[in-house]
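Novice: This structure is in structure tokens; I'll ask about it shortly.
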Amino acid sequence: MNDPKWDQLPLWAWVGIALLLLAQSTWLFMDARKRGAKYPWFWGIWGIIQVPFPFIVYLFAVRKIHRNWSRK
10 MNDPKWDQLP LWAWVGIALL LLAQSTWLFM DARKRGAKYP WFWGIWGIIQ
60 VPFPFIVYLF AVRKIHRNWS RK
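Last residue of the sequence shown: 81 in this note's numbering, with the numbers rising by one and none dropped.
This is the structure in structure tokens:
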């Protein structure tokens, strides 16, 4: 089995991952607060922990994009 060597990941990749998580977390928090969703801080914290699952769940739970698809 091939184990990932996290200590060999270049610095630019770590910075990119951190920026991606921070951007996702900030957007989720601000959008949830703007739309009046319950617990916007929850979306922000969950968004900074992993990517992209919180974003996908948010789209269906708060933005309700599945309703837009069914109207077409």
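By construction, the Cβ of each residue, glycine as well, lies at the ideal position given by its N, Cα and C atoms. Computed from a prediction, not measured in an experiment: that's the story for all the values here.
According to DSSP, is A32 helix, strand or coil?
Specialist: In the sequence shown, residue 32 corresponds to position 23, counting from 1. DSSP places A32 in helix when its eight states are reduced to three.
Novice: For the structure I just gave you, are there three or more beta carbon pairs, one from the region 43-54 and one from the region 16-26, closer than 8 Å?
Specialist: As far as the Cβ criterion goes, the region 43-54 does not touch the region 16-26, which means the pair count is below three.
Novice: If you measure between the beta carbons of L37 and G56, is that distance less than 7 Å?
Specialist: Translated into the one-based positions of the sequence shown, residue 37 becomes position 28. Translated into the one-based positions of the sequence shown, residue 56 becomes position 47. Contact: yes.
Novice: Taking the beta carbon of W23 as the centre, do at least 16 other beta carbons fall within 10 Å, making it buried, or is it exposed?
Specialist: If you number the sequence shown from 1, residue 23 lands on position 14. Exposed, since its Cβ has fewer than 16 Cβ neighbours within 10 Å.
Novice: Suppose you measure from the CA of M39 to the CA of I54; what does that come to, to the nearest Å?
Specialist: The residue labelled residue 39 in the question sits at position 30 within the sequence shown. The residue labelled residue 54 in the question sits at position 45 within the sequence shown. If you take the alpha carbons of M39 and I54, they lie about 12 Å apart.
Novice: Measure the CB-CB distance between V60 and L29 and report whether it falls below 7 Å.
Specialist: Residue 60 sits at position 51 when you count from the first residue of the sequence shown. Residue 29 sits at position 20 when you count from the first residue of the sequence shown. Yes, these two residues count as a Cβ contact at 7 Å.
Novice: To the nearest angstrom, how far is it from the Cα of V71 to the Cα of I58?
Specialist: For this step, residue 71 is matched to residue 62 along the sequence shown. For this step, residue 58 is matched to residue 49 along the sequence shown. Cα to Cα, V71 sits roughly 19 Å from I58.
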